[in-house]
Each structure stands twice: as structure tokens, then as C-alpha cells.
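For the sequence shown, the numbering used here gives the first residue as 87, with consecutive numbering after it. Using N, Cα and C, we set each Cβ at its ideal position, and we do this for glycine too.
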Amino acid sequence: MENVLVSIITIVYNGEMFIEKTINSVLEQTYKNIEYIIIDGGSTDSTVEIIKKYQDRLAYWVSEKDNGISDAFNKGIRLAKGKVIGLVNSDDWYETDAIEKIINNYVNSNTIICGNVKLWNNSTHYKIKSSTLDNIKLQMTIWHPGMFCPKEIYHKIGLYDENIRVLMDYDFILRCYLSGVNFKMSNVLISNMRFGGISNHLISESLHEAFIIKNNYFGKKFMHKIEYLLCNVYYHFVVYVKMLIYGIGREN
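Set out below in C-alpha cells:
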């Protein structure tokens, strides 16, 4: 196993309810060559006090106002010294051996590694695999808590678009895909994601941003606006139905 440095970045704002579980999931990894960076957006709850409990084990942390999710991600990425970078939000958490699995699947500096993510809805869950890229032009098929990207790709492709509030990860993945970056899909469980994050609360804005992103990359050749909206409404409907049917006490 190659002993590469892995940078993990958590962004948070008023995340007192779950941030400690996230922090511990990183600090308790079986793989030890990790630097952990936390970017807090100026929380007004007890988040900063929780972070301070662990500050001696962090490579860097800051609490200051930012200009949104993309800006916070980019702050962390610029600071990262690792060869590979993972992003885990403050209400998500890693499996204990997540980074070890990722490094075991590491290929090269032009390959993004994607593992499986378990979605949680309160106390219930179901597992979704990181999909292939077959439908990436239609919808987001990669869950970012299970994605690890070599820093070299950020240097080549660019950081997250700070004009995008919700689907910045989809925009970044499309940029990578269209630029010839390789993706390795690994059938191993990497992380846990609480269902109901910003992209689910702001579905209307997500659809609007998705249309803009697709129009930027594919233009009129992709599909008419009404066709795209219908496809995405259907997609989100299917996700919610799966949560209702399979989420209670079952693991797919």
C-alpha cells in the first residue's frame, strides 16, 4: 500500500449536532497518513467549541465568514498538501477503514476514486453505489462523500465554481469527465451521508442550476429545457420513493 498523504476537508456552519461524529470518523481512520482541515463559516452555535477540543490533532482549522459552499471547499483545497483529497461534510462520516480502502484503489494522479455511500434518513438507511458514468450527462451519479480526487486534477481542471450554490460538485465532475479525467468505481463502502442535505432542500434551485450547467457544457445539443426538467423531476421522485420503500431497517 502506497503511503501517500491524504487531505480530508470538512466545511461546516452551525453543525453542532453532528460535527463531532464527523471529526472522530476522520481521526479514527485505520490509515494514518492523513492531514485534516476544517473550514468553519463563522458558526454561532457550539461548533467552534467542539472543533477546539480536537485542534491539536488538526492540520489546520479556521472560523470565518465565507461566500458559500464552493468558497469554503476551495479554501480547504488550496491549503491541502496531500496527494489525494477527500471532502466530508459536517453531517456525514466515514467508515473506519475508508481511507485505507481508497489508497488500496489508488491508480495515479489523473484518476478520481469513487466508493459507495450509505444514505441515512434519521435512523434508517439504504446503500447507493457510486454509479458508472453512463448517465452523467443526464444526472448526478456520483456521491461526493465517497469521491477522492488527486490534487493534481484540481490544478489541471480548476476548483469549484463559486457562482454555483448547490450543484458545484456536479459541475466539477462534468468538467473532469469532459476533460478526459479517469474515474475508478470501487465497490467498497466508504462513507455515510445524511439524506436531506442542501441539494434536497433546494430541489428547485438544483434543477435550475443543473439546466445552466448542462447548457454551458452541452448547449442545445443535449435536450430541450422541458425534457430536462421532466427527467430530473422523475429522478428526484424515484430517489424519494426508494427512501420510503427501502429505507426502513433495510440495507441494499
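Cβ-based burial, residue i [other Cβ within 10 Å; buried from 16]
i	result
residue 260	buried
residue 265	exposed
residue 182	exposed
residue 141	exposed
residue 301	exposed
residue 230	buried
residue 333	Residue confidence for residue 333 is low, a pLDDT of 43 falling below 50, so the modelled location carries little weight; the figure read from the coordinates is stated next. With 16 or more other Cβ atoms within 10 Å, it is buried.
residue 164	exposed
residue 254	buried
residue 221	exposed
residue 107	exposed
residue 143	exposed
residue 174	buried
residue 211	buried
residue 103	exposed
residue 101	buried
residue 127	buried
residue 257	buried
residue 130	exposed
Integer Cβ distance of residue i from residue j, believed to fall under 8 Å
i	j	result
residue 340	residue 237	A query on residue 340 cannot be resolved here, the shown segment of the chain reaching from 87 to 338 and no further.
residue 199	residue 93	No, residue 199 and residue 93 are not in contact; Cβ-Cβ is about 14 Å, not under 8 Å.
residue 115	residue 180	7 Å
residue 162	residue 136	No, residue 162 and residue 136 are not in contact; Cβ-Cβ is about 18 Å, not under 8 Å.
residue 251	residue 178	At roughly 19 Å, the Cβ-Cβ gap does not stay under 8 Å, so residue 251 and residue 178 are not in contact.
residue 267	residue 196	6 Å
residue 176	residue 98	4 Å
residue 248	residue 153	6 Å
residue 95	residue 166	7 Å
Bridge partner(s) assigned by DSSP for residue i
i	result
residue 98	126
residue 279	205
residue 121	93
residue 294	For residue 294, which the question treats as bridged, DSSP gives no partner whatsoever.
residue 271	200
residue 229	BP columns for residue 229 are empty, so no partner.
residue 234	172, 199
Near the ligand SAM: residue i beta-carbon under 7 Å from a heavy atom
i	result
residue 302	The ligand content of the structure shown is nil, which means the ligand SAM is not present either.
Requested in this report: Would you check if there are 3 or more beta carbon pairs closer than 8 Å linking the stretch 194-204 to the stretch 270-278?
Outcome: Contact check between the stretch 194-204 and the stretch 270-278: three or more CB pairs, one atom from each, fall below 8 Å, which counts as touching.
Query raised in the report: Just checking, does the stretch 175-195 make contact with the stretch 220-239 on the three C-beta pairs under 8 Å criterion?
Result: In this structure the stretch 175-195 lies against the stretch 220-239, because at least three pairs of beta carbons, one per stretch, are closer than 8 Å.
Query raised in the report: Counting pairs of beta carbons, one from the stretch 108-127 and one from the stretch 296-304, are three or more of them closer than 8 Å?
Result: At 8 Å Cβ cutoff, the stretches do not touch.
Requested in this report: State whether the stretch 150-157 contacts the stretch 88-95, with contact taken as three or more CB pairs (one from each stretch) at a distance under 8 Å.
Outcome: Between the stretch 150-157 and the stretch 88-95, the count of Cβ pairs shorter than 8 Å is below three; the stretches do not touch.
Query raised in the report: Can you give, in chain order, each stretch of the beta strand (DSSP E) that sits fully within the stretch 130-173 and has at least 3 residues?
Result: 146-149, 170-173, all fully within the stretch 130-173.
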